[in-house]
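**Student:** Mind looking over this structure? Questions follow.
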Ligand code: OGA
Ligand code: MN
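Next comes the structure, spelled out in structure tokens:
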């Protein structure tokens, strides 16, 4: 059993190092890839939550825009999502949200940003699905500043596919969605896509925004 602690925990040095690396990457390249942002124990705890265990029943097909044309939608993205309510999130997920909050505060302090909140959903790409090249910032809503994705796929191999492909000025860069890995990139700048996977692909997908929900 996990027991919540009331006293604030000191930031571990590994976590401090990781958030510094994220800040450096964002400044230098507009993105950062960090391994072991979640330990394998932490990933397993998230996968054991009722939400993920019953994902197929609970998750809804992700939509684009006003979703008037389902078939166009189908051709763009095939993932299923469930938004996380921070008030009712299980402990293992709440711990992840807490880390994102600490990351947000660190970025505000070190890069003089005014980030305010994070919105996160659980995501499942069934076998054979993908998300075509896109930008995460919408024309009508530019509050999404940073895209932050943490992968939950134990023993993911190159042959499983499902890479996140970022389209950078120097060319495409692929990131494998391996367990515990965090990717953070500028939502307004980096076009990206999710390649077809031959295994179900799980993640926590979120955005750090400059407005309060
Ligand atoms: C998205 C997205 C990338 C990934 O949900 O907008 O681009 O690697 N996800 O899951
Ligand atoms: Mn995206």
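Numbering (my numbering), first residue to last: 294 to 506. Glycine included, every Cβ here is placed at the ideal spot set by N, Cα and C. In this text the structure is predicted, and so the values were computed from the model without any measurement.
Evaluate contact between the region 314-327 and the region 470-479, counting only Cβ atoms and requiring at least three cross-stretch pairs below 8 angstroms.
**Tutor:** Contact holds: three or more Cβ-Cβ distances are below 8 angstroms.
**Student:** Using the three-state DSSP reduction, which class does residue 410 fall into: helix, strand or coil?
**Tutor:** Strand at residue 410.
**Student:** What is the rounded straight-line gap between the Cα of residue 421 and the Cα of residue 472?
**Tutor:** Rounded to whole angstroms, residue 421 to residue 472 spans 19 angstroms at the Cα level.
**Student:** Assuming residue 395 and residue 312 are in contact, meaning their beta carbons sit under 8 angstroms apart, how far apart are those beta carbons, in whole angstroms?
**Tutor:** That pair is a contact at about 7 angstroms.
**Student:** Report whether the distance from the Cβ of residue 333 to the nearest heavy atom of the ligand MN is below 7 angstroms.
**Tutor:** Because no heavy atom of the ligand MN lies under 7 angstroms away, the Cβ of residue 333 does not count as near it: no.
**Student:** Would you report the Cα separation of residue 465 and residue 449, rounded to the nearest angstrom?
**Tutor:** About 21 angstroms.
**Student:** So, at 7 angstroms on beta carbons, what are the nonlocal neighbours of residue 360 in its own chain, with the 5 sequence-adjacent residues on each side left out?
**Tutor:** Here the model assigns residue 360 a pLDDT of 49, short of 50, so the residue's position is not dependable, and the following value carries that caveat. Answer for residue 360: 366, listed in chain order.
**Student:** Flag this pair as touching only if the region 425-435 and the region 384-403 have three or more C-beta atom pairs under 8 angstroms; answer yes or no.
**Tutor:** No: fewer than three Cβ pairs fall under 8 angstroms.
**Student:** Three-state secondary structure (DSSP) at residue 478?
**Tutor:** It is a strand residue.
**Student:** Evaluate the contact criterion for the region 332-345 versus the region 449-458: three or more CB pairs, one atom per stretch, below 8 angstroms.
**Tutor:** Touching, no, given that fewer than three Cβ pairs across the two stretches are closer than 8 angstroms.
**Student:** Would you identify the three-state DSSP class for residue 467, choosing helix, strand or coil?
**Tutor:** Strand.
**Student:** Considering only residues of the same chain and omitting the five flanking positions on each side of residue 338, which have a CB-CB separation below 7 angstroms?
**Tutor:** 385.
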